[in-house]
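Presented below is the structure to which this report refers.
Number of protein chains: 2
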Amino acid sequence: MKFEKDKSAGYLANHVARLFKRGLEARITPMGLSTGTFPVLLELWQRDGRTQKQLVGALGIEQATMANTLNRMERDGLVIRRKDDTDGRVQRVWLTERARGLQTPAVAAAAAENARALSGLTIPERAQFLDLMRKVIAGWQPPPDSRGG
Amino acid sequence: MKFEKDKSAGYLANHVARLFKRGLEARITPMGLSTGTFPVLLELWQRDGRTQKQLVGALGIEQATMANTLNRMERDGLVIRRKDDTDGRVQRVWLTERARGLQTPAVAAAAAENARALSGLTIPERAQFLDLMRKVIAGWQPPPDSRGG
DNA sequence: ATCACTTGCATAGCAGGCTATGCAATGTTA
DNA sequence: TAACATTGCATAGCCTGCTATGCAAGTGAT
Chain A
5 MKFEKDKSAG YLANHVARLF KRGLEARITP MGLSTGTFPV LLELWQRDGR TQKQLVGALG
65 IEQATMANTL NRMERDGLVI RRKDDTDGRV QRVWLTERAR GLQTPAVAAA AAENARALSG
125 LTIPERAQFL DLMRKVIAGW QPPPDSRGG
Chain B
5 MKFEKDKSAG YLANHVARLF KRGLEARITP MGLSTGTFPV LLELWQRDGR TQKQLVGALG
65 IEQATMANTL NRMERDGLVI RRKDDTDGRV QRVWLTERAR GLQTPAVAAA AAENARALSG
125 LTIPERAQFL DLMRKVIAGW QPPPDSRGG
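These protein sequences, in sequence, are chains A and B.
For any residue, its number in this note's numbering is found by taking its place in the first sequence, counting from 1, and adding 4.
For any residue, its number in this note's numbering is found by taking its place in the second sequence, counting from 1, and adding 4.
Right, dumping it as C-alpha cells:
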C-alpha cells in the first residue's frame, strides 16, 4: 500500500506541533518557563486556587501528566499546592508572585510565536487553520478498538 | 493581554498531535510498534540500508532523537545497524524480516486512523487541512532570536 | 461504627522529543 | 606525516506526554 508521510494528517500534525514547541521554547526559556507549564499558567492566570481535577478537565491532559507538571512548577517556584479546607484529598493550586509577574511577557511571547508561525498563511487561511484544528479536536471520539472494554 | 488557548495555533497543534498519537498508538501497539518508529519505518520500507544522517534529513528530527529511536528499534528487533564498508563512522540501517512483515498491517492502521480522525471534516476540508499544515511546515524559518549568534 | 466503594492525587516507568557533549573515524593542511 | 578540523554517531540529562498502580481521604450501606 502506498503511504506518503507528507499526505498523512497524523505525521503532519506531529511535525507542526514540534515546530511550534521549539519556537515557543526559544522565547520563554529565557524567562524560566517551559512549554508544558504554559497551558496550566493560562488557566491559573484567569483564576487560581483551582483543583488539579479542574485543571485536568480544562486542558485535556491526563491526571498523571498534570501532577508531574505541577511538581516541576512547584519546584521552579511558579505555584504552590495547598490542601482544600473541607476535602483533604483535594489539592488547590495557587500562583506565586513570580508566576503572576510572568503573565504579560509570556503571553506576548506566545502571541508573537503564533503570529510568526502563521505568517506564511493569508488572513483567511489562518482562521481556517484554527477552525479545522478545533473541528478535529471537537469531533474526536475514542477509536473503536481503543480499550475494548 | 487576552489570550485564549483555543485561539492559539500552538496550543491547538499540540492538542491535535496528541490525539493523533494516542489514536495511532491504540492501533499499532498490538503489533509491537510505537509511534516514534513509524516515520523511520516508512522511510526504510521504501529503501533500507540508509545512513542515520539520511534518515535525519528525511524526517526533520534531531540526530540524537534518531539515535535513540534506532536504539529502541534495534532492541525490539525491527532494524539492525551495520557500519558502512568504506566509512567507519557511518551506520547503515537495515530492516529485519519482522519489520518487513509489518508493513501492510501498520500502513493500514495509520491510514485507518487518519481517516477516522478526519471523518468530521468534509472532503475539501480534509485536503485543505493537509495543505495548511504543509504550508506551515514549509514556511517555517528559525525564530529571530532562536540562538542568536 | 464498620466495611466496601469511590475519588483525587502521587509515583513508577516508559516513549519520544530536545540540547549539550563526548568520541572515534575521516579529511585537511602545513 | 603530524596536528588540527570536521563529520557521524552515541550518550547524558531534561521535559512532556502516556498507562498502570498505590494510597489516603471521603462516601455509602448495613
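Positions of the beta carbon are idealized from the N, C-alpha and C atoms, including for glycine.
None of these values were measured; they are calculated from a predicted model.
> What whole-angstrom Cβ distance do A:A21 and B:A21 have, given they're in contact under 8 Å?
Replying inline: Against the first sequence, residue 21 of chain A aligns to sequence position 17. Against the second sequence, residue 21 of chain B aligns to sequence position 17. Their Cβ separation, rounded to whole angstroms, is 4 Å, which keeps A:A21 and B:A21 in contact under 8 Å.
>> Within the continuous alpha helix (DSSP H) that includes B:G99, where are the two ends?
In response: Translated into the one-based positions of the second sequence, residue 99 of chain B becomes position 95. It should be noted that the sequence gives Leu, not Gly, for residue 99 of chain B. Following the DSSP letters along the chain, one finds B:L99 in no alpha helix (DSSP H) but inside the beta strand (DSSP E) bounded by residues Q95 to L99.
> Around the Cβ of A:R102, are there at least 16 other Cβ atoms within 10 angstroms (buried) or fewer (exposed)?
Replying inline: The sequence position of residue 102 of chain A within the first sequence is 98, counting from 1. With a 10 Å radius around the Cβ and a threshold of 16 neighbouring Cβ atoms, A:R102 comes out exposed.
>> I want to verify the contact list: residues of chain A whose CB lies under 7 Å from the CB of B:R138, in sequence order.
In response: Locating residue 138 of chain B in the second sequence gives position 134, where the first residue counts as 1. Residues of chain A whose Cβ lies closer than 7 Å to the Cβ of B:R138 are, in chain order, D10 and L16.
> A:N118 touches chain B at which residues, Cβ-Cβ below 7 Å?
Replying inline: The residue you call residue 118 of chain A lines up with position 114 of the first sequence. S12, A13 and G14, listed in chain order.
>> Quick check on A:K25 - is its C-beta less than 8 Å from some C-beta in chain B?
In response: Taking the first sequence and counting its residues from 1, the one referred to as residue 25 of chain A is at position 21. Output row for A:K25: interface = yes.
> From the DSSP output, which residues share a beta bridge with B:K87?
Replying inline: For the purposes of this step, residue 87 of chain B is taken as the residue at position 83 of the second sequence. Under the DSSP definition of a beta bridge, B:K87 partners with B:Q95.
> Shorter than 8 Å from the beta carbon of A:V155 to some beta carbon of chain B?
Replying inline: In this structure chain A extends from 5 to 153, so residue 155 of chain A is not present and cannot be described.
>> Tell me which residue opens and which closes the alpha helix (DSSP H) that A:E117 is part of.
In response: As a first step, residue 117 of chain A is located in the first sequence; it is residue number 113 there, counting from the start. Looking at the DSSP string, the run of the alpha helix (DSSP H) that includes A:E117 is Q107 to A121.
> Which same chain residues, not among the five before or five after A:T100, have their C-beta less than 8 Å away from its C-beta?
Replying inline: Start at 1 with the first residue of the first sequence, and residue 100 of chain A comes out as number 96. For A:T100, where only same-chain residues beyond five positions count, the Cβ hits under 8 Å are G81, L82, V83 and I84.
> What whole-angstrom Cβ distance do A:V140 and B:L122 have, given they're in contact under 8 Å?
Replying inline: For the purposes of this step, residue 140 of chain A is taken as the residue at position 136 of the first sequence. For the purposes of this step, residue 122 of chain B is taken as the residue at position 118 of the second sequence. Beta-carbon to beta-carbon, A:V140 and B:L122 are separated by about 7 Å, close enough to satisfy the 8 Å threshold.
> Quick one: which chain B residues come within Cβ less than 7 Å of A:L82?
Replying inline: What you label residue 82 of chain A is simply residue 78 of the first sequence in a count that begins at 1. Those within 7 Å of A:L82 in chain B number zero; the least Cβ separation is about 17 Å.
> Tell me which same chain residues have a C-beta within less than 6 Å of the C-beta of A:S150, skipping the five on either side of it?
Replying inline: Counting from one through the first sequence, the residue named residue 150 of chain A turns up at place 146. Confidence at A:S150 is low in this model, with a pLDDT of 36, below 50, so its placement is unreliable and no value can be given for it.
>> Buried or exposed, going by whether 16 or more other CB atoms sit within 10 Å of the CB of B:L72?
In response: The sequence position of residue 72 of chain B within the second sequence is 68, counting from 1. Here the sequence assigns Asn to residue 72 of chain B, which means Leu is not the residue at that position. With fewer than 16 Cβ atoms within 10 Å of its Cβ, B:N72 is classed as exposed.
> Taking Cβ positions only, does B:W144 come closer than 8 Å to chain A?
Replying inline: In the second sequence, the residue the question calls residue 144 of chain B occupies position 140. Yes, B:W144 lies at the interface with chain A (some Cβ there is under 8 Å from its Cβ).
>> Quick check: what's the CA-CA separation for A:G61 versus A:T69?
In response: The residue given as residue 61 of chain A occupies position 57 in the first sequence. The residue given as residue 69 of chain A occupies position 65 in the first sequence. A:G61 and A:T69 have their C-alpha atoms some 12 Å from each other.
>> Looking at chain A, is there any beta carbon in it that lies within less than 8 Å of the beta carbon of B:P97?
In response: By 1-based counting over the second sequence, the position of residue 97 of chain B is 93. The residue you asked about is not Pro; residue 97 of chain B is Val in the sequence shown. Interface with chain A (8 Å Cβ-Cβ cutoff): B:V97 is excluded.
> Run through DSSP, which three-state label would B:R51 get?
Replying inline: As a working mapping, residue 51 of chain B is identified with position 47 in the second sequence. Coil at B:R51, not helix or strand.
> For the alpha helix (DSSP H) that contains B:I32, what are its first and last residues?
Replying inline: Taking the second sequence and counting its residues from 1, the one referred to as residue 32 of chain B is at position 28. From DSSP, the alpha helix (DSSP H) with B:I32 extends over A13 to I32.
>> Distance cutoff 8 Å, beta carbons only. Does B:S150 sit that close to anything in chain A?
In response: Against the second sequence, residue 150 of chain B aligns to sequence position 146. At B:S150 the pLDDT is 36, less than 50, meaning the model places this residue with poor confidence; the figure from the coordinates comes in the next sentence. Yes - at least one Cβ of chain A is within 8 Å of the one on B:S150.
>> Does A:I65 pass the burial test, meaning 16 or more other C-beta atoms within 10 Å, or should it be called exposed?
In response: Here the question's residue 65 of chain A lines up with position 61 in the first sequence. It is buried - the Cβ of A:I65 has at least 16 other Cβ atoms within 10 Å.
>> I need the straight-line Cα distance from B:K25 to B:K6, nearest angstrom please.
In response: The residue given as residue 25 of chain B occupies position 21 in the second sequence. The residue given as residue 6 of chain B occupies position 2 in the second sequence. Using only the alpha carbons, I get a separation of about 30 Å.
> Which residues bound the alpha helix (DSSP H) around B:I65?
Replying inline: Residue 65 of chain B sits at position 61 when you count from the first residue of the second sequence. Element bounds for B:I65: n/a, residue is neither H nor E.
> Okay, do the segment 30-39 of chain B and the segment 109-119 of chain B touch, 3+ Cβ pairs below 8 Å being the bar?
Replying inline: Contact between the segment 30-39 of chain B and the segment 109-119 of chain B is present: 3 or more CB-CB pairs across the two stretches fall below 8 Å.
>> Taking the alpha carbon of A:R76 as the reference point, which residue from A:L37, A:W144 and A:Y15 has its own alpha carbon closest?
In response: Translated into positions along the first sequence, residue 76 of chain A becomes position 72. Looking from the CA of A:R76, the closest CA among A:L37, A:W144 and A:Y15 belongs to A:L37.
>> For a contact defined as C-beta to C-beta under 9 Å, what are the partners of B:Q67 on chain A?
In response: Along the second sequence, one-based indexing puts residue 67 of chain B at 63. Going along chain A, no residue has its Cβ under 9 Å from B:Q67, so there is no contact; the nearest lies around 15 Å.
> Beta-carbon separation of A:M35 and A:A110 under 8 Å?
Replying inline: Counting from one through the first sequence, the residue named residue 35 of chain A turns up at place 31. Counting from one through the first sequence, the residue named residue 110 of chain A turns up at place 106. Going by C-beta atoms, A:M35 is nearer than 8 Å to A:A110.
> By how many angstroms is the C-alpha of B:G92 removed from the C-alpha of A:P148?
Replying inline: As a working mapping, residue 148 of chain A is identified with position 144 in the first sequence. As a working mapping, residue 92 of chain B is identified with position 88 in the second sequence. The predicted model places A:P148 with a pLDDT of 46, which falls under 50 and marks its position as unreliable, so this point remains unresolved.
>> Taking a contact to mean a Cβ-Cβ separation below 8 Å, would you say B:L74 touches B:V97 in this structure?
In response: Position 70 of the second sequence, counted from the start, is the residue given in the question as residue 74 of chain B. Position 93 of the second sequence, counted from the start, is the residue given in the question as residue 97 of chain B. Contact: yes.
> Under a three-way DSSP split, which group does A:T39 fall into?
Replying inline: Taking the first residue of the first sequence as position 1, residue 39 of chain A is located at position 35. Coil at A:T39, not helix or strand.
>> So, with DSSP's three-state summary, where would you put B:D80?
In response: Translated into positions along the second sequence, residue 80 of chain B becomes position 76. If DSSP states are grouped into helix, strand and coil, B:D80 belongs with coil.
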